[in-house]
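Participant:
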Amino acid sequence: MTVNLKDPKYSRFLLVQEMMDTVRVVRDFHVNQTQQVAQQIKGIGKLFLTGEGSSRIFPAKNAIKNALSSGMHLQIATDGSRQAAHYNLSSYAVFCASNSGRTKEVVSLAKKLAAEGNKNRFGLSANAGTLLEQLCERTFVLTCGWEQAVAATKSVVEQALFYESILWHQNGRAHEAVGAELSGMIEHALTLSIDPDIIEAATKAPTIYFAGYNNGVAEELTLKTNEITRKKSDFLEGTYAVHGIEEVMDANDVVFIVDPIAEEIEKFHEVLVEGVGLKVVAISTQDTPFPTIRIPDAGDLAPYVYLCAGWNLLVEIGLSLGVNLDQPERARKVGNEVE
11 MTVNLKDPKY
21 SRFLLVQEMM
31 DTVRVVRDFH
41 VNQTQQVAQQ
51 IKGIGKLFLT
61 GEGSSRIFPA
71 KNAIKNALSS
81 GMHLQIATDG
91 SRQAAHYNLS
101 SYAVFCASNS
111 GRTKEVVSLA
121 KKLAAEGNKN
131 RFGLSANAGT
141 LLEQLCERTF
151 VLTCGWEQAV
161 AATKSVVEQA
171 LFYESILWHQ
181 NGRAHEAVGA
191 ELSGMIEHAL
201 TLSIDPDIIE
211 AATKAPTIYF
221 AGYNNGVAEE
231 LTLKTNEITR
241 KKSDFLEGTY
251 AVHGIEEVMD
261 ANDVVFIVDP
271 IAEEIEKFHE
281 VLVEGVGLKV
291 VAISTQDTPF
301 PTIRIPDAGD
311 LAPYVYLCAG
321 WNLLVEIGLS
331 LGVNLDQPER
341 ARKVGNEVE
């Protein structure tokens, strides 16, 4: 099957609707909204990105990897807000991300920064007029709007684009065509047909693993696996999958390698396929020795396409398992809200 909003199988879920709305969010993304703050941050030279869960994992780590890959002088770091509260961030510009604007940990850090006199504190939210906005010097409001499904989707992509556009303004790449080029590839990733054998193997797996770069994609898909499919999952950064965890893996487990590194493929096959006997699936722009979910090559913007292909995969797994994609039994939309 292919994700199709005209098919009630998919369209009845707000989660799927919001995933598909990512195409519009990316297409209409306004690169120039960050032009002024990008220059302000450039003068500071240090940027700290904080938030909880999906508001931090992909948006922050994608920005860090891209800054390091391009050789930028801008120093970017990230951690959760409680840990960040133990840091001396006086020399940093700090972005506090909370879609609700009421996430307790994030609000607490913003209060601390304000009390310390850090004038370079910014908010990023899906709502206007929030407590977070009151505590920050300036707050940017996402255009995606408030999501109704528990699992965040389109907001994650817009947050990541927002942070990345700050980098674009500093390295001279920023142009309005970015969204137009990327949105079509995202739509393709969200609607491509996935081999039923892959879906069946994942539904039967005791644990679903995601391996790949520490850019937030595989890690975010690990979280989404819990929220969307209700299955156990784990993120295996880099070559973690072949450095000890194979001792406790089950032959019925499945490992999805996101954007596999060519030099590591042979080792993954030797340890996981031949050694453990489990199924390894690649999500890649090209064919691999493993069953492969092929996506279009978006170059430096590929992480967004990988993430959306992973959403597609998880929707199919969740539907095969018969779960309510919109409403997990325990997970909440706002993990820890200010009372």
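First residue of the sequence shown? That's 11 in this note's numbering, and the numbers climb one at a time after it. Backbone N, C-alpha and C fix where the C-beta goes; we use that ideal spot for every residue, glycine too.
#1: Closer than 6 Å by C-beta to Gln93: which residues in its own chain qualify, once you throw out the five before and the five after it? Chain order, please.
#2: Name the DSSP bridge partner or partners of Ile86?
#3: Do you know how far the Cα of Ser21 is from the Cα of Asp263?
#4: Sort Asn76, Gly287 and Ser203 by Cα distance to Ala170 and report the nearest one.
#5: In the DSSP output, which residue or residues are listed as bridge partners for Gly133?
#6: Inspect the CB distances between the stretch 297-305 and the stretch 264-280 and report whether three or more fall short of 8 Å.
#7: Check whether the stretch 212-230 touches the stretch 185-199, counting contact only when three or more Cβ pairs, one atom from each stretch, lie closer than 8 Å.
#8: Would Asn42 be called buried (16 or more neighbouring beta carbons within 10 Å of its own) or exposed?
#9: Which whole-angstrom value describes the C-beta separation of Phe68 and Glu230, a residue pair presumed to lie in contact below a C-beta threshold of 8 Å?
#10: Since Lys16 sits in a beta bridge, which residues does DSSP pair it with?
#11: Answer yes or no: do Gly222 and Asp269 have a C-beta to C-beta separation smaller than 8 Å?
#12: Are Thr60 and Thr88 close, meaning C-beta to C-beta below 8 Å?
#13: Among all the DSSP beta bridges, which residues are the ones paired with Phe266?
#14: Helix, strand or coil: how does DSSP classify Glu247 here?
#15: Less than 8 Å between the CB atoms is what I'm expecting for Leu141 and Gly111, so what's the real figure, rounded?
#16: If you run the structure through DSSP and keep just helix, strand and coil, what is Arg112?
#17: Please classify Ile204: is it buried, with 16 or more other beta-carbons within 10 angstroms of its beta-carbon, or exposed?
#18: Using 8 Å as the limit for Cβ to Cβ distance, is Asn236 near chain B?
#19: Is it true that the CB of Arg66 sits closer than 8 Å to the CB of Ala107?
#20: Tell me the DSSP bridge mates of Ile303?
#21: For Leu99 versus Phe58, is the C-beta distance shorter than 8 Å?
#22: I'd like the span of the alpha helix (DSSP H) that includes His179, first residue to last.
#23: Would Thr163 and Glu157 qualify as a contact pair, given that the criterion is a beta-carbon distance under 8 Å?
#24: Buried or exposed: where does Gly63 fall if 16 or more other Cβ atoms within 10 Å of its Cβ makes it buried?
#25: Going by the CB atoms, is the gap between Val36 and Val166 shorter than 8 Å?
#26: So, Val283 versus Val291, is the Cβ gap smaller than 8 Å?
#27: Taking the alpha carbon of Arg127 as the reference point, which residue from Glu147, Lys19, His83 and Lys241 has its own alpha carbon closest?
Facilitator: Result, derived from the coordinates:
#1: In the sequence shown, the residue the question calls residue 93 occupies position 83. Excluding residues within five positions, none has a Cβ falling inside 6 Å.
#2: Counting from 1 along the sequence shown, the entry for residue 86 is found at position 76. DSSP, once it has assigned bridges, lists Leu57 as partnering Ile86.
#3: Against the sequence shown, residue 263 aligns to sequence position 253. Against the sequence shown, residue 21 aligns to sequence position 11. Asp263 and Ser21 have their C-alpha atoms roughly 30 Å apart.
#4: Residue numbering aside, residue 170 sits at position 160 when the sequence shown is read from its first letter. Measuring from the Cα of Ala170, the nearest candidate turns out to be Asn76.
#5: What you label residue 133 is simply residue 123 of the sequence shown in a count that begins at 1. According to DSSP, which records beta bridges pairwise, Gly133 is partnered with Cys106 and Thr149.
#6: yes
#7: no
#8: Here the question's residue 42 lines up with position 32 in the sequence shown. That one is exposed.
#9: One-based indexing of the sequence shown puts residue 68 at position 58. One-based indexing of the sequence shown puts residue 230 at position 220. Sure, about 4 Å apart at Cβ, within 8 Å.
#10: Residue 16 sits at position 6 when you count from the first residue of the sequence shown. BP columns for Lys16 are empty, so no partner.
#11: If you number the sequence shown from 1, residue 222 lands on position 212. If you number the sequence shown from 1, residue 269 lands on position 259. Yes; because the gap between Cβ atoms is below 8 Å, this pair is in contact.
#12: As a first step, residue 60 must be located in the sequence shown, where it is residue number 50. As a first step, residue 88 must be located in the sequence shown, where it is residue number 78. Yes, the pair counts as a contact, with Cβ atoms nearer than the cut-off.
#13: Against the sequence shown, residue 266 aligns to sequence position 256. Beta-bridge pairing links Phe266 to Phe220 and Val291.
#14: Within the sequence shown, residue 247 is the residue found at index 237, counting from 1. Strand, per DSSP.
#15: Here the question's residue 141 lines up with position 131 in the sequence shown. Here the question's residue 111 lines up with position 101 in the sequence shown. The beta-carbon distance between Leu141 and Gly111, rounded to whole angstroms, is 6 Å. This is short enough to meet the 8 Å contact definition.
#16: For the purposes of this step, residue 112 is identified with residue 102 of the sequence shown, where counting begins at 1. Residue state, collapsed to three classes: coil.
#17: Mapped onto the sequence shown, residue 204 falls at position 194. Classification of Ile204: buried, given that the 10 Å Cβ count is 16 or more.
#18: Here chain B cannot be found, since the structure has a single protein chain.
#19: Working through the sequence shown from its first residue, we reach residue 107 at position 97. Working through the sequence shown from its first residue, we reach residue 66 at position 56. Against a cut-off of 8 Å, the Cβ pair of Arg66 and Ala107 comes out as a contact.
#20: Counting from one through the sequence shown, the residue named residue 303 turns up at place 293. Beta-bridge pairing links Ile303 to Ile293.
#21: Walking along the sequence shown from the start, residue 99 turns up at place 89. Walking along the sequence shown from the start, residue 58 turns up at place 48. A contact, by the Cβ cut-off of 8 Å.
#22: Translated into positions along the sequence shown, residue 179 becomes position 169. Segment Lys164 to Asn181, the alpha helix (DSSP H) holding His179.
#23: Stepping through the sequence shown from its first residue, residue 163 is reached at position 153. Stepping through the sequence shown from its first residue, residue 157 is reached at position 147. Yes, they are a contact pair.
#24: By one-based count along the sequence shown, residue 63 stands at place 53. When all chains shown are included, Gly63 counts as buried.
#25: For the purposes of this step, residue 166 is taken as residue 156 along the sequence shown, with counting starting at 1. For the purposes of this step, residue 36 is taken as residue 26 along the sequence shown, with counting starting at 1. In this structure, Val36 does not lie closer than 8 Å to Val166 by Cβ.
#26: One-based indexing of the sequence shown puts residue 283 at position 273. One-based indexing of the sequence shown puts residue 291 at position 281. Contact flag unset, no.
#27: By one-based count along the sequence shown, residue 127 stands at place 117. A small fix is needed here, since residue 127 is Gly in this sequence, not Arg. The shortest Cα separation from Gly127 among Glu147, Lys19, His83 and Lys241 belongs to Glu147.
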